[in-house]
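Below: the structure, in structure tokens.
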Amino acid sequence: MMYQNGTGARRLRELPEKEALRLLAGVPFGRIVFTRHALPAIRPVNHVVVDGAIVIRSSPGTILGSHVAPAEAVVAYEADELDGHERLGWSVIITGVARLVTEPGEAARLRAVLTPWVAGEMEQVIRIQPEIVTGFELVPAAVTA
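If you read the sequence shown in the working numbering, its first letter stands for residue 39, the second for the next number, and so on.
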């Protein structure tokens, strides 16, 4: 797919799974997409990638902590790094099941590597194990894969 702007033509390059996960691990936040009342809902959250899985934190009273993860719901997780002026960047979308990390030692280990950006008790740890990884990079048309 090609795009044209004042700074030159652009094309979308599909990212290999390993590269997509590496890029995702290099940014501190993204958006979790889930179903609420049979409709899509999105929440921005900060994350880390540990052992190939996306890890976020939540509180028991939130929609993520009380409904999505306990139900082991299928979610999407999207993160990107885009330059609107240069029209370059990338976007990665992960699809997988959100699960609460219930083993106390593992939950403590993951809490230690992820500090929530939101104030309050964010004691729950939610892991999203990727089942589908899709990534695209917007690059100058002259660049080859």
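We treat Cβ as the ideally placed atom computed from N, Cα and C, and that holds for glycine.
Keep in mind it's a predicted model, so treat the numbers as computed, not measured.
query                                                                                                  : result
The region 86-104 / the region 149-163 touching (three or more Cβ pairs under 8 Å)                     : yes
Continuous beta strand (DSSP E) assignments of at least 3 residues falling wholly in the region 88-136 : 91-96, 112-121
Rounded distance between the beta-carbons of valine 130 and valine 71, thought under 8 Å               : So it is not a contact: roughly 13 Å between Cβ atoms.
Straight-line Cα distance separating proline 154 from alanine 86                                       : It is valine, not alanine, that sits at residue 86 in the sequence shown. Cα to Cα, the separation comes out at about 10 Å.
Closest by C-alpha distance to isoleucine 80, when choosing among Tyr115, Val88, Gly64, Arg125         : Tyr115
Residues near glycine 122 by beta carbon distance below 7 Å, same chain, minus five either side        : none
Extent of the continuous beta strand (DSSP E) run through proline 168                                  : 162-178
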